[in-house]
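Student:
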Amino acid sequence: MSSQKQPDAVHIDENSKDAQLASKRMDPTGSFLTTDQGIRVEHTDDSLKIGARGPTLLEDFHFREKMTRFDHERIPERVVHARGSAAHGYFQPYESQAKYTRAKFLQDPARKTPVFVRFSTVAGSRGSADTVRDVRGFAVKFYTEEGNFDLVGNNIPVFFIQDGIKFPDIIHAAKPEPHHEMPQAQTAHDSFWDFVSLVPETLHMIMWTMSDRAIPRSFRMMQGFGVHTFRFIDAKNVSRFVKFHWKPLLGTHSLVWDEAQKLAGKDPDFHRRDLFEAIEQGDFPEYELGVQIVEEADAQKLGVDLLDATKLIPEEVAPVLPVGKLTLNRNPTNFFAETEQVAFCVANIVPGIDFTDDPLMQARLFSYLDTQLTRLGGPNFAELPINRPLAPVHNHQQDGFGRHTSNVGRANYHPNSLGGGCPFLAGQQQGGFVHQPEQVTGQKLRARPESFKDHYSQAALFFRSLSAPEQEHLIDACRFELGKVESKAIQERVLEHFAKIDALLVTAVAEGLGLPAPKATPAAPKGPPASKALSMEAMKLQMPPSIKTRRIAVLVADGVDSDELMAVRKELEAQGAQLKIIAKRLGTVKAANGKDLPVDKSAMTTASVEYDAVFIPGGAASVATLKKDGESRHFVQEAYLHCKTVGVSKDAEDLLKACEIDPAAPGVVSGAGSGSGSALATAFAKALSNHRHWDRKDHDRVPA
Ligand code: HDE
Numbered sequence: 027m028s029s030q031k032q033p034d035a036v037h038i039d040e041n042s043k044d045a046q047l048a049s050k051r052m053d054p055t056g057s058f059l060t061t062d063q064g065i066r067v068e069h070t071d072d073s074l075k076i077g078a079r080g081p082t083l084l085e086d087f088h089f090r091e092k093m094t095r096f097d098h099e100r101i102p103e104r105v106v107h108a109r110g111s112a113a114h115g116y117f118q119p120y121e122s123q124a125k126y127t128r129a130k131f132l133q134d135p136a137r138k139t140p141v142f143v144r145f146s147t148v149a150g151s152r153g154s155a156d157t158v159r160d161v162r163g164f165a166v167k168f169y170t171e172e173g174n175f176d177l178v179g180n181n182i183p184v185f186f187i188q189d190g191i192k193f194p195d196i197i198h199a200a201k202p203e204p205h206h207e208m209p210q211a212q213t214a215h216d217s218f219w220d221f222v223s224l225v226p227e228t229l230h231m232i233m234w235t236m237s238d239r240a241i242p243r244s245f246r247m248m249q250g251f252g253v254h255t256f257r258f259i260d261a262k263n264v265s266r267f268v269k270f271h272w273k274p275l276l277g278t279h280s281l282v283w284d285e286a287q288k289l290a291g292k293d294p295d296f297h298r299r300d301l302f303e304a305i306e307q308g309d310f311p312e313y314e315l316g317v318q319i320v321e322e323a324d325a326q327k328l329g330v331d332l333l334d335a336t337k338l339i340p341e342e343v344a345p346v347l348p349v350g351k352l353t354l355n356r357n358p359t360n361f362f363a364e365t366e367q368v369a370f371c372v373a374n375i376v377p378g379i380d381f382t383d384d385p386l387m388q389a390r391l392f393s394y395l396d397t398q399l400t401r402l403g404g405p406n407f408a409e410l411p412i413n414r415p416l417a418p419v420h421n422h423q424q425d426g427f428g429r430h431t432s433n434v435g436r437a438n439y440h441p442n443s444l445g446g447g448c449p450f451l452a453g454q455q456q457g458g459f460v461h462q463p464e465q466v467t468g469q470k471l472r473a474r475p476e477s478f479k480d481h482y483s484q485a486a487l488f489f490r491s492l493s494a495p496e497q498e499h500l501i502d503a504c505r506f507e508l509g510k511v512e513s514k515a516i517q518e519r520v521l522e523h524f525a526k527i528d529a530l531l532v533t534a535v536a537e538g539l540g541l542p543a544p545k546a547t548p549a550a551p552k553g554p555p556a557s558k559a560l561s562m563e564a565m566k567l568q569m570p571p572s573i574k575t576r577r578i579a580v581l582v583a584d585g586v587d588s589d590e591l592m593a594v595r596k597e598l599e600a601q602g603a604q605l606k607i608i609a610k611r612l613g614t615v616k617a618a619n620g621k622d623l624p625v626d627k628s629a630m631t632t633a634s635v636e637y638d639a640v641f642i643p644g645g646a647a648s649v650a651t652l653k654k655d656g657e658s659r660h661f662v663q664e665a666y667l668h669c670k671t672v673g674v675s676k677d678a679e680d681l682l683k684a685c686e687i688d689p690a691a692p693g694v695v696s697g698a699g700s701g702s703g704s705a706l707a708t709a710f711a712k713a714l715s716n717h718r719h720w721d722r723k724d725h726d727r728v729p730a
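27 is the number of the first residue of the sequence shown in our numbering; add one for each residue after it.
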């Protein structure tokens with residue numbers, strides 16, 4: 027049989043030969059330093075020379091190999107989504123989805139399918155910051171028994187453009203301008219908004235990217251969407267339209283803009299670190315996969331064209347049905363080998379799922395493999411452990427750079443008799459992928475359908491669906507981004523579009539830009555007037571309150587009342603939060619009871635933006651020190667400015683006064699009102715579960 031030998035899959039089988047070899051290589055006690063040829067190295071700190079001060083010899087094969095390998099370590103970064111972080115895990119359906127699809131990984135609730143998930147920003151380079159305003163990629167590779175299925179999605183359910191042929195244009199406009207390569211790690215200003223102002227199909231997604239969705243609190247608290255309409259095909263070959271959704275079990279939460287900008291400097295790895303540490307600590311991120319299903323016969327009644335990726339189906343029109351759960355439980359062993367070399371491809375699909383004629387999707391079916399041929403150095407990257415399917419591979423593909431597989435036999439063509447006719451073709455009954463037949467007629471032309479032409483009604487739906495604070499943030503983001511645009515003509519063109527979305531939006535943004543607001547003529551709703559699923563604040567109210575994995579900064583100095591602190595800590599940790607003790611310097615502080623309290627972080631190495639809340643325990647001497655210390659007051663004030671929960675023990679209220687914070691302000695929990703110890707902790711946890719306190723009216727006056 028002319029099959030190719032597949033090495034064991036390292037990504038799941040830790041007993042495999044590859045895994046054993048890898049771990050041996052990592053084991054400092056069990057192996058010697060060798061060259062790539064396995065020759066043991068006796069000395070690696072000096073090159074081979076004639077005399078200790080003489081010239082280096084060409085004969086020094088160890089030096090030459092070491093240097094050559096180093097010189098070639100870099101591969102091209104992804105042209106988009108270059109900065110990413112990833113994790114391994116598994117997916118498990120809640121129940122069989124046989125009524126919708128024959129995809130095997132969705133049939134059996136007892137079956138766990140291994141996955142690898144990569145989150146990313148779009149515009150920045152590999153070394154850029156995590157918290158910039160941008161779309162986030164949410165790409166999932168399912169290693170199913172029928173082959174790899176890649177669901178290459180984003181954290182926003184719609185896209186900027188309707189036809190993939192415009193992708194190079196929008197990405198060129200969004201990336202740094204070509205003459206001076208600015209701005210880095212953010213979406214360009216004049217060129218991007220120039221494009222937006224001339225291509226109104228971008229406006230719906232612009233509303234999303236100007237909203238808080240584009241500055242997530244964590245990859246663990248971010249939704250994901252397949253964006254395009256796919257098909258589910260059942261065992262009887264009935265096709266239904268499907269949209270994929272991921273919902274994080276920790277809820278969907280965001281940063282605030284000032285915090286996101288500061289984090290980009292204080293900790294550019296904020297999201298990467300958060301994901302990595304959560305998994306190391308056993309707080310495994312979980313997401314529910316859901317689907318919106320539309321019977322083909324009902325597609326016309328939706329009021330949107332399902333092939334238009336700039337539109338969503340409101341959940342009020344088609345509810346999201348829960349399908350199963352994704353759990354991320356293992357960090358990559360090596361960033362380059364896994365996170366960098368993973369190759370997701372929209373065309374990687376399994377029987378039971380199929381494409382549609384969405385022209386954006388069709389372009390993606392070409393682009394991913396094409397770009398990976400260059401990025402990963404040739405056609406054999408599917409053999410890299412991270413990309414290798416669990417399903418066996420038998421075909422006549424051969425040769426090319428970096429080939430691992432030794433094809434067996436002499437018949438490398440189909441049909442053949444010399445190889446016994448192998449490998450055989452598989453019909454549907456044998457699990458073969460059979461494309462869903464579709465009747466297509468029409469003229470050959472370059473054109474956009476009429477049904478794609480409304481660019482405003484869903485942009486308006488999104489804006490209208492947001493709570494007042496979310497709308498305020500979106501308006502501020504537009505004022506910021508457009509405020510950086512130097513061309514007045516571009517600003518004016520964008521305002522003309524905003525006028526067709528919402529009166530408040532256009533007036534408030536125009537005011538921020540110091541320009542007259544064009545008369546508002548908002549688009550009439552085409553479906554429900556508002557949709558709860560579009561607002562993070564509305565979604566929050568539907569989730570059980572939780573402080574799981576939330577980070578609380580505890581500011582202390584010598585004399586801290588550590589007995590009360592421990593009571594508070596016990597309760598908060600029991601609810602899943604994490605406390606970090608912060609003092610002027612590392613080591614310990616002397617508590618009021620004479621014991622040493624270990625310090626986790628020195629104030630100089632951390633900042634309030636790295637936490638979800640701040641707590642000040644009592645102890646007169648500790649509070650007096652913090653009160654006098656500008657850095658500590660700034661810490662508390664900045665947390666207050668960002669609408670985070672601020673908690674103080676009864677005898678730490680003085681610090682609030684020193685920070686000019688009203689103890690009765692929303693989200694400020696004080697021992698005077700709430701009691702001490704676990705009672706105080708309970709009140710603090712309740713406030714923290716709210717995520718932010720947007721109704722804090724006076725936060726803007728804080729000079730932080
Ligand atoms: Fe991508 N996209 N994309 N994209 N995309 C890539 O593939 C492309 C689009 C998405 O973590 C590239 O291997 C075109 C939509 C993610 O490795 C490239 C079009 C959505 C990732 C490419 C789109 C995405 C990519 C760059 C318009 C959400 C990162 C490197 C037709 C549904 C995957 C690579 C990872 C990566 C092309 C639009 C998501 C160039 C042509 C819509 C999450 O092939």
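For each residue, glycine too, the CB sits at the ideal point set by N, CA and C.
#1: Would a C-beta distance cut-off of 7 Å place GLN367 and LEU315 closer than the cut-off?
#2: Considering Cα atoms alone, identify which of ASP622, ILE187 and LYS670 is closest to GLN388.
#3: Let me know if ALA136 comes out buried or exposed under the rule of 16 or more other beta-carbons within 10 Å of its beta-carbon.
#4: Does the ligand HDE have even one heavy atom less than 6 Å from the beta-carbon of TYR313?
#5: Keeping to the same chain, check which residues put their C-beta closer than 7 Å to that of SER700; ignore five residues upstream and five downstream.
#6: Is GLN249 near the ligand MN, judged by its Cβ being under 6 Å from some heavy atom?
#7: Under 7 Å between the Cβ atoms of GLY250 and TRP272?
#8: Rounded C-beta distance between VAL672 and ALA665? I'm assuming under 8 Å.
#9: Tell me the rounded alpha-carbon separation between GLY703 and LYS670.
#10: Applying the criterion that 16 or more other CB atoms from any shown protein chain within 10 Å of the CB defines a buried residue, is GLN469 buried or exposed?
#11: Among SER432, HIS279, HIS420 and PRO475, whose alpha-carbon lies nearest the alpha-carbon of HIS440?
#12: Could you check which residue in PRO551, GLY445, ALA155 and THR170 has the C-alpha nearest to that of ARG414?
#13: Using 8 Å as the Cβ pair cut-off and three pairs as the minimum, do the stretch 367-378 and the stretch 172-190 touch?
#14: Let me confirm a value: PHE267 is counted as buried when at least 16 other C-beta atoms fall within 10 Å, else exposed. Which label applies?
#15: Under a three-way DSSP split, which group does ARG299 fall into?
#16: Excluding the five sequence neighbours on either side, which residues of its own chain have a C-beta within less than 6 Å of the C-beta of PHE258, listed in chain order?
#17: What are the start and end residues of the alpha helix (DSSP H) that includes THR235?
#18: Quick one: what's got a C-beta closer than 6 Å to LYS288's C-beta in the same chain, skipping five residues either side?
#19: Once DSSP output is grouped into helix, strand and coil, what is the label at TYR439?
#20: Could you say if the stretch 489-507 and the stretch 520-532 meet the contact criterion of at least three C-beta pairs nearer than 8 Å?
#21: What residue range does the beta strand (DSSP E) around PRO140 cover?
#22: Please determine, among LYS552, GLN123, ILE501 and PRO542, the residue with the shortest C-alpha to C-alpha distance to ALA515.
#23: Could you name the residues of the same chain whose beta carbon sits closer than 7 Å to that of ARG243, not counting the 5 residues immediately before and after it, in chain order?
#24: Quick one: what's GLU312 bridged to in DSSP?
#25: Could you tell me which of ALA556, ALA211, PRO377 and LYS526 sits nearest to GLY173, measuring between CA atoms?
#26: Output the distance between the C-alpha atoms of MET562 and THR397, rounded to the nearest integer angstrom.
#27: Are the stretch 90-103 and the stretch 131-147 touching, with three or more C-beta to C-beta distances below 8 Å?
#28: Tell me whether GLN188 counts as near the ligand HDE, meaning its Cβ is closer than 6 Å to at least one heavy atom of that ligand.
#29: Confirm the yes/no value for this check: CB of SER393, any heavy atom of the ligand HDE, distance under 6 Å.
#30: Rounded to the nearest angstrom, how far is the Cβ of SER483 from that of PRO551, given a contact under 8 Å?
Tutor: This is what the structure gives:
#1: As a working note, residue 367 is residue 341 in the sequence shown. As a working note, residue 315 is residue 289 in the sequence shown. No, the Cβ-Cβ distance between GLN367 and LEU315 is not below 7 Å.
#2: Here residue 388 refers to the residue found at position 362 of the sequence shown. Of the candidates ASP622, ILE187 and LYS670, the one whose C-alpha sits nearest the C-alpha of GLN388 is ILE187.
#3: For this step, residue 136 is matched to residue 110 along the sequence shown. Its Cβ having fewer than 16 others within 10 Å, ALA136 is exposed.
#4: Position 287 of the sequence shown holds residue 313. TYR313 Cβ: outside cutoff for every heavy atom of the ligand HDE.
#5: For the purposes of this step, residue 700 is taken as residue 674 along the sequence shown, with counting starting at 1. The answer, listed in chain order, is LEU706 and ALA709.
#6: Questions concerning the ligand MN fall outside what the structure shown contains, since the ligands it does hold are the ligand HDE.
#7: As a first step, residue 250 is located in the sequence shown; it is residue number 224 there, counting from the start. As a first step, residue 272 is located in the sequence shown; it is residue number 246 there, counting from the start. For GLY250 and TRP272, yes; Cβs fall inside 7 Å.
#8: In the sequence shown, the residue the question calls residue 672 occupies position 646. In the sequence shown, the residue the question calls residue 665 occupies position 639. With 8 Å as the limit, VAL672 and ALA665 qualify as a contact, their Cβ atoms being about 6 Å apart.
#9: Locating residue 703 in the sequence shown gives position 677, counting from the first residue. Locating residue 670 in the sequence shown gives position 644, counting from the first residue. Using only the alpha carbons, I get a separation of about 21 Å.
#10: If you number the sequence shown from 1, residue 469 lands on position 443. With fewer than 16 Cβ atoms within 10 Å of its Cβ, GLN469 is classed as exposed.
#11: As a first step, residue 440 must be located in the sequence shown, where it is residue number 414. Checked all of SER432, HIS279, HIS420 and PRO475; the closest Cα to HIS440 is HIS420.
#12: Translated into the one-based positions of the sequence shown, residue 414 becomes position 388. Of PRO551, GLY445, ALA155 and THR170, the residue nearest in Cα terms is THR170.
#13: yes
#14: Taking the first residue of the sequence shown as position 1, residue 267 is located at position 241. PHE267 is buried by the Cβ-count criterion.
#15: Residue numbering aside, residue 299 sits at position 273 when the sequence shown is read from its first letter. Of the three classes helix, strand and coil, the one that applies to ARG299 here is helix, per DSSP.
#16: Residue 258 sits at position 232 when you count from the first residue of the sequence shown. Result list for PHE258: TYR126, THR127, ARG266 and VAL268, in chain order.
#17: For the purposes of this step, residue 235 is taken as residue 209 along the sequence shown, with counting starting at 1. Residues 229-236.
#18: Within the sequence shown, residue 288 is the residue found at index 262, counting from 1. So the list reads VAL635, once near-sequence residues are dropped.
#19: Within the sequence shown, the letter at position 413 stands for residue 439. TYR439: coil per DSSP, three-state reduction.
#20: yes
#21: As a working mapping, residue 140 is identified with position 114 in the sequence shown. That run of the beta strand (DSSP E) goes 139-147.
#22: For the purposes of this step, residue 515 is taken as residue 489 along the sequence shown, with counting starting at 1. Closest by alpha carbon: PRO542.
#23: Mapped onto the sequence shown, residue 243 falls at position 217. Excluding positions up to five away in sequence, the list reads HIS279, SER280 and LEU281.
#24: Mapped onto the sequence shown, residue 312 falls at position 286. GLU312 pairs with THR353.
#25: Position 147 of the sequence shown, counting from 1, holds the residue named residue 173. The residue with the shortest Cα to Cα distance from GLY173 is PRO377.
#26: In the sequence shown, the residue the question calls residue 562 occupies position 536. In the sequence shown, the residue the question calls residue 397 occupies position 371. Cα-Cα distance, rounded: 35 Å.
#27: no
#28: To locate residue 188, count along the sequence shown from 1; it is residue 162. Answer for GLN188: no, Cβ out of range of the ligand HDE.
#29: Start at 1 with the first residue of the sequence shown, and residue 393 comes out as number 367. True, at least one ligand heavy atom lies under 6 Å from that Cβ.
#30: Here the question's residue 483 lines up with position 457 in the sequence shown. Here the question's residue 551 lines up with position 525 in the sequence shown. That belief holds up - the Cβ atoms of SER483 and PRO551 are roughly 6 Å apart, short of 8 Å.
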